[in-house]
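Undergrad:
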Amino acid sequence: MDETAPVTELNPAGLSATPLRRDDMAPPEARDARYEANYDRTTLWYDAFWREDRGEVTVIAPLLLNLARPLSQARVLLDGRPARLRRRRFQRHEIWRLPAPARPERMRVEGEGWAVEAAVGRARPEPFAGRNVLLTISRNNDLQWVRDHALFHRKTQGAEAFLFIDNGSDAYAPGDIARVIEETGLAAHVVSAPVPYGPVIRGVSNPHRAKFFRPAMMNLARLRYLYGARAVLNSDIDELVWSEGRSVFDMAVAHPIGFAPFRGRWRVPAPEAQPPLHHVDHFVLPEEEHACPIKYAVAPGRLAGRFNWDVHRLERLPFKHRFVRQEAGYWHCAAVSTGWKSSGRLTMPGSGRVDEALRALLRRVLGDGEASS
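Structural data, given as C-alpha coordinates:
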(Lines of atoms letter the chains of each structure in order from A and count residues from 1; the text may use other names and numbers.)
(Lines give C-alpha, C1' and ligand atoms only; values in the text may rest on other atoms or scores of the structure.)
Protein backbone atom coordinates (compact mmCIF):
# COMPACT_ATOMS: atom_id res chain seq x y z
CA MET A 1 0.00 0.00 0.00
CA ASP A 2 1.14 3.59 -0.74
CA GLU A 3 2.06 4.91 2.70
CA THR A 4 1.68 8.53 1.57
CA ALA A 5 -2.00 7.99 0.68
CA PRO A 6 -4.76 9.45 2.88
CA VAL A 7 -6.08 5.94 3.64
CA THR A 8 -4.23 3.13 5.43
CA GLU A 9 -5.34 -0.24 6.73
CA LEU A 10 -4.63 -2.10 9.93
CA ASN A 11 -2.18 -5.02 9.92
CA PRO A 12 -4.22 -7.46 12.05
CA ALA A 13 -3.42 -11.03 13.02
CA GLY A 14 -6.42 -13.32 13.45
CA LEU A 15 -6.87 -16.76 14.94
CA SER A 16 -9.67 -18.01 12.68
CA ALA A 17 -7.40 -20.63 11.05
CA THR A 18 -6.11 -21.88 14.42
CA PRO A 19 -7.76 -23.86 17.25
CA LEU A 20 -7.41 -20.89 19.62
CA ARG A 21 -10.30 -18.64 20.63
CA ARG A 22 -10.65 -15.87 23.20
CA ASP A 23 -12.85 -16.88 26.14
CA ASP A 24 -16.20 -15.16 26.54
CA MET A 25 -16.49 -12.23 28.94
CA ALA A 26 -20.26 -12.54 29.34
CA PRO A 27 -22.15 -15.15 31.35
CA PRO A 28 -24.15 -17.59 29.20
CA GLU A 29 -27.47 -15.86 29.89
CA ALA A 30 -26.09 -12.55 28.54
CA ARG A 31 -24.84 -13.95 25.22
CA ASP A 32 -27.66 -12.72 23.00
CA ALA A 33 -27.52 -12.36 19.22
CA ARG A 34 -25.97 -8.90 19.39
CA TYR A 35 -23.24 -10.14 21.72
CA GLU A 36 -22.46 -13.08 19.44
CA ALA A 37 -22.25 -10.80 16.40
CA ASN A 38 -19.93 -8.27 18.04
CA TYR A 39 -17.69 -10.12 20.50
CA ASP A 40 -14.14 -10.56 19.17
CA ARG A 41 -12.90 -14.11 19.80
CA THR A 42 -10.29 -14.25 17.06
CA THR A 43 -8.21 -11.05 16.81
CA LEU A 44 -4.81 -11.65 18.40
CA TRP A 45 -3.57 -8.16 17.54
CA TYR A 46 -5.03 -5.23 15.64
CA ASP A 47 -1.91 -3.59 14.28
CA ALA A 48 1.88 -3.71 14.40
CA PHE A 49 4.07 -0.79 13.38
CA TRP A 50 7.69 0.29 13.63
CA ARG A 51 8.73 3.44 15.50
CA GLU A 52 12.10 4.62 14.16
CA ASP A 53 12.50 7.10 17.03
CA ARG A 54 12.20 4.28 19.57
CA GLY A 55 13.84 1.49 17.61
CA GLU A 56 10.95 -0.84 18.31
CA VAL A 57 7.83 -2.46 16.94
CA THR A 58 4.66 -1.47 18.80
CA VAL A 59 1.69 -3.83 18.74
CA ILE A 60 -1.87 -2.82 19.70
CA ALA A 61 -4.05 -5.74 20.80
CA PRO A 62 -7.35 -6.57 22.49
CA LEU A 63 -7.20 -8.08 25.96
CA LEU A 64 -5.68 -11.54 25.61
CA LEU A 65 -7.51 -13.17 28.55
CA ASN A 66 -6.93 -16.93 28.16
CA LEU A 67 -4.73 -16.32 25.09
CA ALA A 68 -1.96 -14.94 27.32
CA ARG A 69 -0.67 -18.42 28.17
CA PRO A 70 -0.28 -19.70 24.58
CA LEU A 71 1.35 -16.40 23.61
CA SER A 72 3.83 -16.66 26.49
CA GLN A 73 4.78 -20.17 25.31
CA ALA A 74 5.13 -19.18 21.63
CA ARG A 75 8.08 -18.00 19.55
CA VAL A 76 7.84 -14.39 18.36
CA LEU A 77 9.70 -13.60 15.14
CA LEU A 78 10.42 -10.40 13.23
CA ASP A 79 11.41 -11.28 9.65
CA GLY A 80 12.25 -14.77 10.87
CA ARG A 81 14.50 -13.64 13.74
CA PRO A 82 13.50 -14.23 17.37
CA ALA A 83 12.33 -11.10 19.20
CA ARG A 84 11.64 -10.37 22.84
CA LEU A 85 8.07 -9.24 23.46
CA ARG A 86 7.21 -7.01 26.43
CA ARG A 87 3.51 -6.94 27.17
CA ARG A 88 1.53 -4.33 29.10
CA ARG A 89 -2.15 -4.78 29.93
CA PHE A 90 -4.69 -1.99 30.33
CA GLN A 91 -8.40 -2.09 31.14
CA ARG A 92 -9.63 -3.09 27.66
CA HIS A 93 -6.54 -3.38 25.47
CA GLU A 94 -2.87 -4.29 25.50
CA ILE A 95 0.31 -2.73 24.14
CA TRP A 96 3.30 -4.91 23.26
CA ARG A 97 6.79 -3.71 22.43
CA LEU A 98 9.57 -5.54 20.61
CA PRO A 99 13.09 -4.12 20.09
CA ALA A 100 13.81 -3.57 16.38
CA PRO A 101 16.67 -1.27 15.31
CA ALA A 102 15.55 -1.60 11.65
CA ARG A 103 12.03 -1.87 10.31
CA PRO A 104 10.89 -5.48 9.80
CA GLU A 105 8.41 -6.45 7.11
CA ARG A 106 6.61 -9.25 8.98
CA MET A 107 5.76 -10.34 12.51
CA ARG A 108 5.05 -14.02 13.18
CA VAL A 109 4.01 -15.89 16.31
CA GLU A 110 4.47 -19.68 16.37
CA GLY A 111 2.93 -21.86 19.06
CA GLU A 112 2.38 -25.57 19.44
CA GLY A 113 -0.10 -26.44 16.70
CA TRP A 114 -0.77 -22.85 15.66
CA ALA A 115 0.85 -19.83 14.01
CA VAL A 116 -0.21 -16.37 12.87
CA GLU A 117 1.60 -13.75 10.82
CA ALA A 118 0.96 -10.19 9.66
CA ALA A 119 2.71 -7.25 8.07
CA VAL A 120 4.45 -4.57 10.11
CA GLY A 121 3.65 -1.00 9.10
CA ARG A 122 5.46 2.15 10.10
CA ALA A 123 4.52 5.11 12.25
CA ARG A 124 2.88 7.98 10.33
CA PRO A 125 3.32 11.17 12.39
CA GLU A 126 4.13 13.42 9.42
CA PRO A 127 0.57 14.45 8.38
CA PHE A 128 -0.20 15.61 11.92
CA ALA A 129 3.08 17.09 13.17
CA GLY A 130 2.51 20.43 14.90
CA ARG A 131 -1.18 20.48 13.99
CA ASN A 132 -4.50 20.64 15.84
CA VAL A 133 -6.11 17.29 15.04
CA LEU A 134 -9.64 15.91 15.28
CA LEU A 135 -9.84 12.23 16.25
CA THR A 136 -12.98 10.15 15.84
CA ILE A 137 -14.10 6.54 15.41
CA SER A 138 -17.12 5.95 13.21
CA ARG A 139 -19.12 3.46 11.18
CA ASN A 140 -21.63 4.35 8.45
CA ASN A 141 -22.30 7.87 9.71
CA ASP A 142 -23.79 10.02 6.97
CA LEU A 143 -21.05 11.77 5.01
CA GLN A 144 -22.91 15.07 5.41
CA TRP A 145 -22.57 14.63 9.18
CA VAL A 146 -18.86 13.95 8.75
CA ARG A 147 -18.51 17.08 6.62
CA ASP A 148 -20.39 19.27 9.11
CA HIS A 149 -18.41 17.94 12.08
CA ALA A 150 -15.13 18.69 10.31
CA LEU A 151 -16.20 22.11 9.04
CA PHE A 152 -17.59 23.23 12.41
CA HIS A 153 -14.38 22.45 14.25
CA ARG A 154 -12.18 23.99 11.59
CA LYS A 155 -14.14 27.24 11.76
CA THR A 156 -14.75 27.45 15.52
CA GLN A 157 -11.80 25.61 17.12
CA GLY A 158 -9.00 25.95 14.61
CA ALA A 159 -8.76 22.26 13.69
CA GLU A 160 -6.22 21.64 10.94
CA ALA A 161 -6.28 17.87 10.36
CA PHE A 162 -8.61 14.91 10.92
CA LEU A 163 -7.61 11.35 11.83
CA PHE A 164 -10.73 9.30 11.09
CA ILE A 165 -10.85 5.64 12.15
CA ASP A 166 -13.50 3.84 10.10
CA ASN A 167 -14.87 0.67 11.68
CA GLY A 168 -15.83 -1.18 8.51
CA SER A 169 -18.41 1.12 6.93
CA ASP A 170 -20.31 -0.51 4.08
CA ALA A 171 -22.27 2.58 3.00
CA TYR A 172 -19.20 4.10 1.30
CA ALA A 173 -15.46 3.58 0.88
CA PRO A 174 -12.68 5.01 3.09
CA GLY A 175 -11.57 7.19 0.20
CA ASP A 176 -15.00 8.84 0.16
CA ILE A 177 -14.52 9.85 3.80
CA ALA A 178 -11.11 11.36 3.05
CA ARG A 179 -12.52 13.31 0.10
CA VAL A 180 -15.37 14.81 2.14
CA ILE A 181 -13.01 15.87 4.93
CA GLU A 182 -10.52 17.42 2.52
CA GLU A 183 -13.33 19.46 0.95
CA THR A 184 -13.72 21.28 4.29
CA GLY A 185 -10.11 22.45 4.22
CA LEU A 186 -8.70 19.91 6.68
CA ALA A 187 -5.89 17.47 6.00
CA ALA A 188 -7.46 14.00 6.14
CA HIS A 189 -6.21 10.55 7.00
CA VAL A 190 -8.54 7.54 7.27
CA VAL A 191 -7.59 4.30 9.00
CA SER A 192 -9.70 1.42 7.68
CA ALA A 193 -10.40 -0.88 10.64
CA PRO A 194 -13.05 -3.51 9.76
CA VAL A 195 -12.79 -5.56 12.97
CA PRO A 196 -15.45 -6.26 15.65
CA TYR A 197 -16.37 -3.23 17.76
CA GLY A 198 -17.40 -5.25 20.78
CA PRO A 199 -20.75 -5.77 22.51
CA VAL A 200 -22.54 -4.21 25.45
CA ILE A 201 -23.03 -6.99 28.01
CA ARG A 202 -26.46 -6.80 29.61
CA GLY A 203 -26.98 -7.33 33.32
CA VAL A 204 -23.38 -7.00 34.53
CA SER A 205 -21.67 -4.30 36.58
CA ASN A 206 -19.33 -3.25 33.76
CA PRO A 207 -21.34 -3.69 30.54
CA HIS A 208 -18.59 -2.18 28.32
CA ARG A 209 -15.73 -4.43 29.41
CA ALA A 210 -15.72 -6.45 26.16
CA LYS A 211 -15.50 -3.36 23.92
CA PHE A 212 -11.78 -3.72 23.23
CA PHE A 213 -11.75 -1.92 19.89
CA ARG A 214 -12.30 1.72 20.76
CA PRO A 215 -9.65 2.25 23.47
CA ALA A 216 -7.25 0.16 21.40
CA MET A 217 -7.80 2.41 18.38
CA MET A 218 -7.40 5.58 20.44
CA ASN A 219 -3.98 4.38 21.56
CA LEU A 220 -3.11 3.24 18.06
CA ALA A 221 -3.81 6.85 17.09
CA ARG A 222 -1.69 8.13 19.98
CA LEU A 223 1.32 5.91 19.30
CA ARG A 224 1.32 5.54 15.50
CA TYR A 225 -0.04 8.84 14.19
CA LEU A 226 -0.51 11.65 16.71
CA TYR A 227 2.53 11.76 18.99
CA GLY A 228 3.88 14.80 17.13
CA ALA A 229 0.56 16.68 16.96
CA ARG A 230 0.22 20.03 18.72
CA ALA A 231 -3.11 18.99 20.28
CA VAL A 232 -5.83 16.39 19.69
CA LEU A 233 -9.60 16.67 20.19
CA ASN A 234 -11.32 13.39 21.01
CA SER A 235 -14.99 13.64 19.99
CA ASP A 236 -17.70 11.81 18.07
CA ILE A 237 -19.40 12.86 14.84
CA ASP A 238 -22.61 13.79 16.71
CA GLU A 239 -20.74 16.18 19.03
CA LEU A 240 -19.95 19.85 18.43
CA VAL A 241 -17.40 21.33 20.82
CA TRP A 242 -17.64 24.92 22.08
CA SER A 243 -15.29 27.01 24.18
CA GLU A 244 -15.01 30.51 25.58
CA GLY A 245 -11.99 32.76 25.11
CA ARG A 246 -9.74 30.26 23.36
CA SER A 247 -10.00 26.91 21.62
CA VAL A 248 -9.93 23.60 23.45
CA PHE A 249 -6.71 22.87 21.57
CA ASP A 250 -5.15 25.96 23.14
CA MET A 251 -6.52 24.99 26.56
CA ALA A 252 -4.80 21.62 26.34
CA VAL A 253 -1.50 23.12 25.22
CA ALA A 254 -1.58 25.69 28.03
CA HIS A 255 -2.41 23.15 30.75
CA PRO A 256 0.50 21.92 32.93
CA ILE A 257 -0.03 18.28 31.91
CA GLY A 258 -1.68 18.98 28.53
CA PHE A 259 -5.24 17.91 29.39
CA ALA A 260 -8.53 19.78 28.88
CA PRO A 261 -11.65 17.68 29.66
CA PHE A 262 -15.21 19.02 29.45
CA ARG A 263 -18.83 17.83 29.64
CA GLY A 264 -21.66 17.90 27.13
CA ARG A 265 -25.35 18.73 26.91
CA TRP A 266 -28.01 17.24 24.65
CA ARG A 267 -29.70 19.26 21.93
CA VAL A 268 -32.63 17.98 19.86
CA PRO A 269 -33.95 18.99 16.43
CA ALA A 270 -36.47 21.77 16.04
CA PRO A 271 -39.99 20.31 15.65
CA GLU A 272 -40.32 21.73 12.15
CA ALA A 273 -37.08 20.09 10.96
CA GLN A 274 -37.57 17.44 8.29
CA PRO A 275 -35.44 14.33 7.66
CA PRO A 276 -32.68 13.88 6.85
CA LEU A 277 -31.66 15.70 10.03
CA HIS A 278 -28.29 17.39 10.51
CA HIS A 279 -26.28 19.21 13.17
CA VAL A 280 -27.71 22.55 12.04
CA ASP A 281 -31.21 21.41 13.11
CA HIS A 282 -30.17 20.83 16.75
CA PHE A 283 -30.82 23.98 18.77
CA VAL A 284 -33.74 22.95 21.03
CA LEU A 285 -33.19 21.97 24.66
CA PRO A 286 -34.44 18.49 25.60
CA GLU A 287 -37.41 17.99 27.88
CA GLU A 288 -35.08 16.57 30.52
CA GLU A 289 -31.56 17.96 30.85
CA HIS A 290 -28.85 15.35 31.39
CA ALA A 291 -25.12 15.98 31.36
CA CYS A 292 -23.22 13.89 28.81
CA PRO A 293 -19.96 12.08 29.62
CA ILE A 294 -16.59 13.80 29.56
CA LYS A 295 -14.70 14.30 26.32
CA TYR A 296 -11.36 16.05 26.09
CA ALA A 297 -8.53 17.69 24.22
CA VAL A 298 -4.98 16.57 24.91
CA ALA A 299 -1.49 17.76 24.02
CA PRO A 300 0.46 14.58 23.11
CA GLY A 301 3.84 16.17 23.76
CA ARG A 302 3.00 16.79 27.41
CA LEU A 303 2.53 14.36 30.30
CA ALA A 304 -1.01 13.57 29.13
CA GLY A 305 0.45 12.03 25.98
CA ARG A 306 2.08 9.31 28.08
CA PHE A 307 -1.19 8.16 29.62
CA ASN A 308 -3.39 5.71 27.74
CA TRP A 309 -6.34 7.46 26.13
CA ASP A 310 -9.81 6.07 26.79
CA VAL A 311 -13.16 7.32 25.54
CA HIS A 312 -13.98 9.55 28.51
CA ARG A 313 -10.70 9.76 30.42
CA LEU A 314 -6.98 9.25 30.55
CA GLU A 315 -6.62 5.75 31.98
CA ARG A 316 -5.03 5.67 35.45
CA LEU A 317 -4.99 9.48 35.77
CA PRO A 318 -5.95 10.26 39.39
CA PHE A 319 -8.47 12.96 40.37
CA LYS A 320 -9.67 13.35 36.79
CA HIS A 321 -12.76 15.38 37.76
CA ARG A 322 -10.54 18.15 39.15
CA PHE A 323 -9.42 18.91 35.61
CA VAL A 324 -12.91 19.46 34.09
CA ARG A 325 -13.21 22.83 32.35
CA GLN A 326 -16.28 24.98 32.84
CA GLU A 327 -15.47 27.29 29.93
CA ALA A 328 -15.75 24.50 27.36
CA GLY A 329 -18.22 21.76 26.52
CA TYR A 330 -20.04 20.10 23.67
CA TRP A 331 -23.51 19.90 22.21
CA HIS A 332 -24.63 16.31 21.72
CA CYS A 333 -26.92 16.23 18.66
CA ALA A 334 -29.58 13.61 19.38
CA ALA A 335 -30.67 12.78 15.82
CA VAL A 336 -27.19 12.73 14.30
CA SER A 337 -27.02 8.98 14.79
CA THR A 338 -27.55 5.72 12.94
CA GLY A 339 -29.23 4.36 16.09
CA TRP A 340 -26.70 1.53 16.37
CA LYS A 341 -26.39 1.85 20.14
CA SER A 342 -29.93 2.92 21.03
CA SER A 343 -32.81 4.23 18.94
CA GLY A 344 -34.36 6.07 21.90
CA ARG A 345 -32.26 9.18 21.37
CA LEU A 346 -33.70 9.60 17.86
CA THR A 347 -37.07 10.50 19.39
CA MET A 348 -35.81 12.36 22.47
CA PRO A 349 -38.59 14.83 23.35
CA GLY A 350 -37.83 18.52 23.19
CA SER A 351 -38.80 21.16 25.72
CA GLY A 352 -39.80 23.79 23.18
CA ARG A 353 -37.09 26.09 24.54
CA VAL A 354 -34.76 27.32 21.80
CA ASP A 355 -31.06 27.92 22.36
CA GLU A 356 -30.98 31.09 20.27
CA ALA A 357 -27.22 31.58 20.51
CA LEU A 358 -26.63 28.04 19.27
CA ARG A 359 -29.13 28.41 16.44
CA ALA A 360 -27.36 31.56 15.25
CA LEU A 361 -23.93 29.91 15.51
CA LEU A 362 -24.98 26.81 13.59
CA ARG A 363 -26.50 28.86 10.79
CA ARG A 364 -23.45 31.10 10.61
CA VAL A 365 -20.92 28.25 10.61
CA LEU A 366 -22.75 25.50 8.73
CA GLY A 367 -25.17 27.65 6.75
CA ASP A 368 -27.02 25.79 4.03
CA GLY A 369 -24.61 22.84 4.08
CA GLU A 370 -22.01 24.07 1.59
CA ALA A 371 -18.40 23.52 2.60
CA SER A 372 -17.31 27.11 2.17
CA SER A 373 -14.62 28.75 4.25
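Read in order, the letters of the sequence shown correspond to residues 731 to 1103 in the numbering used here.
For glycine and all other residues, C-beta sits at the position ideal for the given N, C-alpha and C.
If you're wondering where the values come from, they're calculated on a predicted model, not measured in any experiment.
Just to confirm, are Ala791 and Leu808 a CB contact at a threshold of 8 angstroms?
TA: Here the question's residue 791 lines up with position 61 in the sequence shown. Here the question's residue 808 lines up with position 78 in the sequence shown. The answer is no: Cβ separation not under 8 angstroms.
Undergrad: Apart from the five residues just before and just after Gly851, which ones in its own chain have a Cβ nearer than 8 angstroms to its Cβ?
TA: For the purposes of this step, residue 851 is taken as residue 121 along the sequence shown, with counting starting at 1. Same-chain partners within the cutoff: Glu733, Thr738, Asn741, Asp777, Ala778, Phe779, Trp780 and Arg954.
Undergrad: Would Val1014 and Arg1093 qualify as a contact pair, given that the criterion is a beta-carbon distance under 8 angstroms?
TA: One-based indexing of the sequence shown puts residue 1014 at position 284. One-based indexing of the sequence shown puts residue 1093 at position 363. Result no, Cβ atoms of Val1014 and Arg1093 do not sit closer than 8 angstroms.
Undergrad: Could you tell me the boundaries of the beta strand (DSSP E) in which Phe894 lies?
TA: As a working note, residue 894 is residue 164 in the sequence shown. Start and end: Ala891 to Asp896.
Undergrad: Apart from the five residues just before and just after Ile911, which ones in its own chain have a Cβ nearer than 6 angstroms to its Cβ?
TA: Taking the first residue of the sequence shown as 1, we reach residue 911 at position 181. If we look at Ile911 and ignore the five residues flanking it on each side, its Cβ neighbours are Ala880, Phe892 and Ala918.
Undergrad: Would you mind sorting Val1084 into buried or exposed? The rule is 16 or more other CB atoms within 10 Å of its CB.
TA: The residue given as residue 1084 occupies position 354 in the sequence shown. Classification for Val1084: exposed.
Undergrad: DSSP has Met837 in a bridge; who is on the other side?
TA: Residue mapping note: residue 837 aligns to position 107 of the sequence shown, counting from 1. For Met837, which the question treats as bridged, DSSP gives the partners Leu808 and Ala848.
Undergrad: Indicate the three-state DSSP secondary structure (helix, strand or coil) for Asp777 in the structure shown.
TA: In the sequence shown, residue 777 corresponds to position 47, counting from 1. If DSSP states are grouped into helix, strand and coil, Asp777 belongs with the strands.
Undergrad: Assess, as a yes-or-no matter, whether the stretch 852 to 869 is touched by the stretch 802 to 821 under the definition of 3 or more beta carbon pairs within less than 8 angstroms.
TA: With the cut-off at 8 angstroms, the stretch 802 to 821 and the stretch 852 to 869 do not touch.
Undergrad: Residues in its own chain within less than 8 angstroms of Arg861 by CB, not counting five upstream and five downstream?
TA: Taking the first residue of the sequence shown as position 1, residue 861 is located at position 131. Hits under 8 angstroms: Glu890, Ala891, Ala917, Ala959 and Arg960.
Undergrad: Could you pull out every residue in the same chain whose Cβ sits closer than 6 angstroms to the Cβ of Ala743, ignoring the five residues on either side in sequence?
TA: Locating residue 743 in the sequence shown gives position 13, where the first residue counts as 1. If we look at Ala743 and ignore the five residues flanking it on each side, its Cβ neighbours are Leu774, Trp775, Val846 and Ala848.
Undergrad: Going by DSSP, what residue range makes up the alpha helix (DSSP H) through Leu873?
TA: On the sequence shown, position 143 is the one that residue 873 refers to. Leu873 -> alpha helix (DSSP H) spans Leu873 to Gln887.
Undergrad: Cβ atoms of Val863 and Leu828: under 8 angstroms apart, would you say?
TA: As a working mapping, residue 828 is identified with position 98 in the sequence shown. As a working mapping, residue 863 is identified with position 133 in the sequence shown. No.
Undergrad: Leaving out five residues on either side along the sequence, give the residues of the same chain with a beta carbon under 7 angstroms from the beta carbon of Asn768.
TA: Locating residue 768 in the sequence shown gives position 38, counting from the first residue. Same-chain partners within the cutoff: Pro926, Tyr927, Gly928 and Pro929.
Undergrad: What do you reckon, are the CB atoms on Arg752 and Asp770 nearer than 8 angstroms?
TA: In the sequence shown, the residue the question calls residue 752 occupies position 22. In the sequence shown, the residue the question calls residue 770 occupies position 40. Yes, the Cβ-Cβ distance between Arg752 and Asp770 is below 8 angstroms.
Undergrad: Please work out which residues of its chain come closer than 7 angstroms, Cβ to Cβ, to Val962, disregarding the five sequence neighbours upstream and downstream, and give them in chain order.
TA: For the purposes of this step, residue 962 is taken as the residue at position 232 of the sequence shown. Here the set comprises Val863, Leu865, Leu956, Ala1027, Val1028 and Pro1030.
Undergrad: Counting C-beta neighbours from all protein chains within 10 Å, is the total for Ala830 16 or more, i.e. buried, or is it exposed?
TA: As a first step, residue 830 must be located in the sequence shown, where it is residue number 100. So Ala830 ends up on the buried side.
Undergrad: When the Cα atoms are used, what is the spatial distance from Tyr902 to His1008?
TA: For the purposes of this step, residue 902 is taken as residue 172 along the sequence shown, with counting starting at 1. For the purposes of this step, residue 1008 is taken as residue 278 along the sequence shown, with counting starting at 1. If I take the Cα positions, the gap works out to 19 angstroms.
Undergrad: Checking 8 angstroms against the spacing of the C-beta atoms, do Ala990 and Arg939 come in under that value?
TA: Here the question's residue 990 lines up with position 260 in the sequence shown. Here the question's residue 939 lines up with position 209 in the sequence shown. No, these two residues do not count as a Cβ contact at 8 angstroms.
Undergrad: For Val876, I'd like the list of residues in its chain whose CB is within less than 8 angstroms of its CB, leaving aside the five on either flank, ordered along the chain.
TA: If you number the sequence shown from 1, residue 876 lands on position 146. So the list reads Ser868, Phe894, Ile907, Val910, Ile911 and Ile967, once near-sequence residues are dropped.
Undergrad: Helix or strand or just coil, what does DSSP make of Val983?
TA: Translated into the one-based positions of the sequence shown, residue 983 becomes position 253. If DSSP states are grouped into helix, strand and coil, Val983 belongs with the helices.
Undergrad: Could you give the distance in angstroms between the alpha-carbon of Ala1003 and the alpha-carbon of Gln887?
TA: Locating residue 1003 in the sequence shown gives position 273, counting from the first residue. Locating residue 887 in the sequence shown gives position 157, counting from the first residue. For Ala1003 and Gln887, the distance between alpha carbons rounds to 27 angstroms.
Undergrad: Considering just the uninterrupted stretch of the alpha helix (DSSP H) at Arg764, what are its terminal residues?
TA: Counting from 1 along the sequence shown, the entry for residue 764 is found at position 34. Unbroken alpha helix (DSSP H) run through Arg764: Ala763 to Asn768.
Undergrad: Is Leu774 near the ligand PLP, going by C-beta to nearest heavy atom under 7 angstroms?
TA: Ligands are entirely absent from the displayed structure, and the ligand PLP is therefore not among its contents.
Undergrad: Three-state secondary structure (DSSP) at Ser973?
TA: The count along the sequence shown starts at 1 and reaches residue 973 at position 243. Strand, per DSSP.
Undergrad: Check whether the Cβ atoms of Ile825 and Thr772 lie closer than 8 angstroms to each other.
TA: By 1-based counting over the sequence shown, the position of residue 825 is 95. By 1-based counting over the sequence shown, the position of residue 772 is 42. No, they are not a contact pair.
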